[in-house]
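First comes the structure, then the notes that go with it.
There are 2 protein chains.
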Amino acid sequence: MRLSRYLLPTLKENPADAQIASHRLMLRAGLIRQEAAGIYSWLPAGLRVLRKIEAIVRDEMNRAGALELLMPTLQLADLWRESGRYDAYGPEMLRIKDRHERELLYGPTNEDMVTAIFRANVRSYRALPMNLYHVQWKFRDEQRPRFGVMRGREFLMKDAYSFDLDEAAARRSYRRMFVAYLRIFARMGIRAIPMRAETGPIGGDLSHEFLVLAQTGESAVYCDRAVLDLPIPGDDTDYEGDLEPIVQAWTARYAATEDVHDIERFEREVPAEQRVQTRGIEVGQVFYFGTKYSAPMKALVTTPEGDERPIHGGSYGIGVSRLLGAIIEAGHDDSGIIWPDAVAPFRVGLVNLDPADAQVEAACVELQAQLEARGIDVLHDDTPERAGVKFARMDLLGLPWQVVVGRRGLDRGIVELKRRASGERSELTPADVPARIAEHS
Amino acid sequence: MRLSRYLLPTLKENPADAQIASHRLMLRAGLIRQEAAGIYSWLPAGLRVLRKIEAIVRDEMNRAGALELLMPTLQLADLWRESGRYDAYGPEMLRIKDRHERELLYGPTNEDMVTAIFRANVRSYRALPMNLYHVQWKFRDEQRPRFGVMRGREFLMKDAYSFDLDEAAARRSYRRMFVAYLRIFARMGIRAIPMRAETGPIGGDLSHEFLVLAQTGESAVYCDRAVLDLPIPGDDTDYEGDLEPIVQAWTARYAATEDVHDIERFEREVPAEQRVQTRGIEVGQVFYFGTKYSAPMKALVTTPEGDERPIHGGSYGIGVSRLLGAIIEAGHDDSGIIWPDAVAPFRVGLVNLDPADAQVEAACVELQAQLEARGIDVLHDDTPERAGVKFARMDLLGLPWQVVVGRRGLDRGIVELKRRASGERSELTPADVPARIAEHS
Numbered sequence: 001m002r003l004s005r006y007l008l009p010t011l012k013e014n015p016a017d018a019q020i021a022s023h024r025l026m027l028r029a030g031l032i033r034q035e036a037a038g039i040y041s042w043l044p045a046g047l048r049v050l051r052k053i054e055a056i057v058r059d060e061m062n063r064a065g066a067l068e069l070l071m072p073t074l075q076l077a078d079l080w081r082e083s084g085r086y087d088a089y090g091p092e093m094l095r096i097k098d099r100h101e102r103e104l105l106y107g108p109t110n111e112d113m114v115t116a117i118f119r120a121n122v123r124s125y126r127a128l129p130m131n132l133y134h135v136q137w138k139f140r141d142e143q144r145p146r147f148g149v150m151r152g153r154e155f156l157m158k159d160a161y162s163f164d165l166d167e168a169a170a171r172r173s174y175r176r177m178f179v180a181y182l183r184i185f186a187r188m189g190i191r192a193i194p195m196r197a198e199t200g201p202i203g204g205d206l207s208h209e210f211l212v213l214a215q216t217g218e219s220a221v222y223c224d225r226a227v228l229d230l231p232i233p234g235d236d237t238d239y240e241g242d243l244e245p246i247v248q249a250w251t252a253r254y255a256a257t258e259d260v261h262d263i264e265r266f267e268r269e270v271p272a273e274q275r276v277q278t279r280g281i282e283v284g285q286v287f288y289f290g291t292k293y294s295a296p297m298k299a300l301v302t303t304p305e306g307d308e309r310p311i312h313g314g315s316y317g318i319g320v321s322r323l324l325g326a327i328i329e330a331g332h333d334d335s336g337i338i339w340p341d342a343v344a345p346f347r348v349g350l351v352n353l354d355p356a357d358a359q360v361e362a363a364c365v366e367l368q369a370q371l372e373a374r375g376i377d378v379l380h381d382d383t384p385e386r387a388g389v390k391f392a393r394m395d396l397l398g399l400p401w402q403v404v405v406g407r408r409g410l411d412r413g414i415v416e417l418k419r420r421a422s423g424e425r426s427e428l429t430p431a432d433v434p435a436r437i438a439e440h441s
Numbered sequence: 442m443r444l445s446r447y448l449l450p451t452l453k454e455n456p457a458d459a460q461i462a463s464h465r466l467m468l469r470a471g472l473i474r475q476e477a478a479g480i481y482s483w484l485p486a487g488l489r490v491l492r493k494i495e496a497i498v499r500d501e502m503n504r505a506g507a508l509e510l511l512m513p514t515l516q517l518a519d520l521w522r523e524s525g526r527y528d529a530y531g532p533e534m535l536r537i538k539d540r541h542e543r544e545l546l547y548g549p550t551n552e553d554m555v556t557a558i559f560r561a562n563v564r565s566y567r568a569l570p571m572n573l574y575h576v577q578w579k580f581r582d583e584q585r586p587r588f589g590v591m592r593g594r595e596f597l598m599k600d601a602y603s604f605d606l607d608e609a610a611a612r613r614s615y616r617r618m619f620v621a622y623l624r625i626f627a628r629m630g631i632r633a634i635p636m637r638a639e640t641g642p643i644g645g646d647l648s649h650e651f652l653v654l655a656q657t658g659e660s661a662v663y664c665d666r667a668v669l670d671l672p673i674p675g676d677d678t679d680y681e682g683d684l685e686p687i688v689q690a691w692t693a694r695y696a697a698t699e700d701v702h703d704i705e706r707f708e709r710e711v712p713a714e715q716r717v718q719t720r721g722i723e724v725g726q727v728f729y730f731g732t733k734y735s736a737p738m739k740a741l742v743t744t745p746e747g748d749e750r751p752i753h754g755g756s757y758g759i760g761v762s763r764l765l766g767a768i769i770e771a772g773h774d775d776s777g778i779i780w781p782d783a784v785a786p787f788r789v790g791l792v793n794l795d796p797a798d799a800q801v802e803a804a805c806v807e808l809q810a811q812l813e814a815r816g817i818d819v820l821h822d823d824t825p826e827r828a829g830v831k832f833a834r835m836d837l838l839g840l841p842w843q844v845v846v847g848r849r850g851l852d853r854g855i856v857e858l859k860r861r862a863s864g865e866r867s868e869l870t871p872a873d874v875p876a877r878i879a880e881h882s
């Protein structure tokens, strides 16, 4: 993509009302634009990140055996009355009346609707386990939206729902999601730590939040340093196999959000030098809720013995749009964003220092073509601006690699390659660039 | 995908309230489920079609030089007051108040918002031409939603907006979209005919609707039979080049919707034996509206001469979710849907006649793996149902190819391949199946 044909409205100054780094940087790098409080447009570069995150989530959900469907944004109020949640939900639910005065709402979550879909279509234990998910826009009418996409009102969420015959089977479904989540966040280039979280009136131990550690996180978290270095399950993970050892390894050590933090246990179980006390940004949650929806909504299946039983359910959320904020909070410096390779808007920023020079231009066009032929996406800065402006913009946007091409370098047969994260620079021939970058995939 | 692990709730009977074939078949084939009047969930097989259609649209839009962004579903009422449309829009607009009594609406279209985005970020003619598009859910509160996804309330639309310095440049943008649309619909395996349509108070000749011909279409259409056989622009189409000859060829012959039909001209220009009078389903529209939004909203750019001028705009819509209905109206028979290869939920339905037989099962697993290795998606019916039930279900679902594998055939070393559209059957060895199907890509 040529920057001269792109829409990347970067800002030199910090926007006044953005309080945290990710919000400031997303506005400054031209990724989003606020349309109303907590409601954003995704400009082209921001949308590219959103789609890459979404693709990783989808890929791993499918691998874990979940089925994708898509539920609408608007729902009938009566459906929520059936599950008993309509009156309980409070002012965060956006309630709407249509032209015929029928009560609708903008879905903040989908337990009710997915239970209705399941109930209408599945009647036998033979179809179980089943896990249905979608990636859809949700709305929660926050009293005070802030921090950009981190606490927006219209936000993109992946929500999955598992259906099982009993609690033992539901635990297996829970473990599949737990393991999938470890892989999902790792593939995005971030470390999200599963921590014990509130189960509310359901009780039990099947509730974990996945948090990215960052000082700007919304909740205090406490954990054993050892959990920060546990290995991520590999590509050969067998979701049909026994996942208990993996979950066991990740849950044996202390890790809890402030809501369920037990200071005595923390100090008893974790040696002082191993104690980590910091803040975290929630990017995902896995939760077992048993028959909370299936019992009132009569989502029953026949058992092998021939009787009927409400299914045991769980829900599994990932804040897809929120993840952009979390990833930036975890990866930025004074100059701007530092994107992990897998979710960067483009992997390479090609800085053309002399676009009016036909030979430099030709070298850039050739480099771009060679990179794209290897499936590496490129933003080619062919604008007539000063070198300093171009470098600052590339650092702000945070693409993992910068390739700097100019008259002086080409006269020596070289271009400069810079790694955004480390600042490391090297000189090499243009022909060597694609292979060098491809090595890092 | 194994059918035993999938969610494909097919119905034997016709749903009572579905009046047209596509609505009946989408419900019967388990593609969608109604959640409220005109609001649908997309079940897994339906979502696969939706995504394939979306991917074709996106691919051709990008090729034509358009930039994808994503605007939110909810918009501020004040934005529509600024463009002067809020009061004019009428009861089809879903108006919403949030918890702070701020007026929002569920976007039925995005001219206003995209103009505000452009205005905030682009100030010079140098950035032009620019074309911004998104694929997003819209809501129109139809008085009487019906015909399934053909006239739903929550629907998925691709809407693009072009920005140019003057009318001559806007005409070039219009032609790029006109040509892209010809290619988009052709790639989906349907023929959509561009027809002159209303321009309203704007006037001029720059308004075309693209219609799929079908007896169940919502509007009467009139055209010269010759337009039905015009060639579609090829993969080598140069969007930077002169597209006027292509547009000229497609607009020289009579083709008009009932709204602008001129019976005298029709009879004068088209020989009687060439006259086609039928009905059509609108699947896209391209429209030039000049400074209608840029003037009141002050979306100005500086000209090469240094003065400021409101940009000349156009909008270009494609009804992504509606297309499923249109494609089915154009392609079905008494047994069910007949999907074009490019948008079928799966290209191949693998019918395992004896899933309890280990050798048949192994042959199916091997065939599925070989097809998937070639990038051909497969729905493998491994359920224990009767052969007749399986055949009827595959015909109903309408996958382009059926591969039938059973004990008796395998004993002779063969499987049966059936083309859904023609009903043509052939016997071949399992090893020959992938290449035979791949030939048809």
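These protein sequence lines are chains U and W, in that order.
Take the first sequence: its position 223, counting from 1, is numbered 223 in the working numbering, and each next residue is one higher.
Take the second sequence: its position 202, counting from 1, is numbered 643 in the working numbering, and each next residue is one higher.
Cβ atoms here follow ideal geometry from the backbone N, Cα and C, with glycine treated the same way.
All figures in this text were calculated on a predicted structure; none of them were measured in a lab.
Taking DSSP as the reference, what is the three-state secondary structure of residue i?
| i | result |
| --- | --- |
| Asp822(W) | strand |
| Arg225(U) | helix |
| Gln656(W) | coil |
| Leu623(W) | helix |
| Ala697(W) | strand |
| Ala344(U) | coil |
| Val856(W) | strand |
| Tyr133(U) | strand |
| Ala713(W) | helix |
| Met394(U) | helix |
| Ala868(W) | Per the sequence presented here, residue 868(W) reads as Glu, with Ala not at that position. If DSSP states are grouped into helix, strand and coil, Glu868(W) belongs with the strands. |
| Phe118(U) | helix |
| Met188(U) | coil |
| Tyr680(W) | coil |
| Asp600(W) | strand |
| Asp605(W) | strand |
| Arg146(U) | strand |
To which residues does DSSP link residue i through a beta bridge?
| i | result |
| --- | --- |
| Leu535(W) | Tyr547(W) |
| Arg195(U) | First, the amino acid is wrong: residue 195(U) is Met here, not Arg. Answer by DSSP bridge pairing, in chain order: Glu209(U). |
| Gly790(W) | Leu820(W), Gln843(W) |
| Ala803(W) | DSSP output for Ala803(W) lists no bridge partner at all. |
| Pro154(U) | It should be noted that the sequence gives Glu, not Pro, for residue 154(U). DSSP, once it has assigned bridges, lists Phe139(U) as partnering Glu154(U). |
| Ala661(W) | Arg720(W) |
| Arg443(W) | His821(W) |
| Ser565(W) | Thr743(W) |
Using a Cβ cut-off of 8 angstroms (strictly closer), state whether residue i contacts chain W.
| i | result |
| --- | --- |
| Pro9(U) | yes |
| Gln368(U) | no |
| Ile96(U) | yes |
| Ile442(U) | Outside the shown range of chain U, which is 1 to 441, sits residue 442(U), and nothing can be said about it. |
| Tyr125(U) | no |
| Leu300(U) | no |
I want to see whether chain U comes within less than 8 angstroms of residue i, judged by CB atoms only; does it?
| i | result |
| --- | --- |
| Ser482(W) | yes |
| Leu444(W) | no |
| Trp578(W) | yes |
| Asn572(W) | no |
| Leu837(W) | no |
| Ile558(W) | yes |
Closer than 9 angstroms between beta carbons: that is the criterion. Which residues of the stretch 494-511 of chain W meet it against chain U?
Gly506, Leu508, Glu509, Leu510, Leu511
query = Of all the beta strand (DSSP E) runs that stay within the bounds of the stretch 8-90 of chain U, which reach a length of 3 or more residues?
reply = 32-36, 39-42, 74-76
_Can you pull out the residues from the stretch 21-42 of chain U whose beta carbon lies closer than 7 angstroms to at least one beta carbon of chain W?_
Arg33, Glu35, Ala36, Ile39, Tyr40, Ser41, Trp42
Jot down the residue ranges of each uninterrupted beta strand (DSSP E) in the stretch 275-342 of chain U, minimum 3 residues, whole runs only, in chain order. 275-290, 300-302, 308-310, 312-319
task = Could you list the residues in the stretch 510-530 of chain W with a C-beta less than 7 angstroms from some C-beta on chain U, going in chain order?
result = Leu510, Leu511, Met512, Pro513, Thr514, Leu515, Gln516, Leu517
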